[in-house]
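Residue numbers (the working numbering): -9 to 91.
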């Protein structure tokens, strides 16, 4: 192999190396932009997730308070009904036609 062939071979290898470097550089840029895009989406997802969790937490708290209020009303109604029933029973014991339940 003479000097000219060696130079041509080295030149060919240099061109291949440059092309491989360019390909790797493009892949790196694509990966970098994809990474930034995914990071941005993840950040948005986390914000949305926090917002949803906050709203659901408020709704759960509202429903818990509403349920507690309903239970209180039901307990009051139950107590009132029992008092009325006892009063009715006492009143009907003294009458000849007592109601049967």
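We put the CB at the ideal spot given by N, CA and C, even for glycine.
From a predicted model like this one, the values you see are computed outputs, not experimental measurements.
Own chain partners of residue i with C-beta closer than 6 Å, once the 5 adjacent residues on each side are dropped
i: residue 40; result: none
i: residue 0; result: none
Residues near residue i in its chain [Cβ-Cβ closer than 8 Å; skip 5 each side]
i: residue 62; result: none
i: residue 80; result: none
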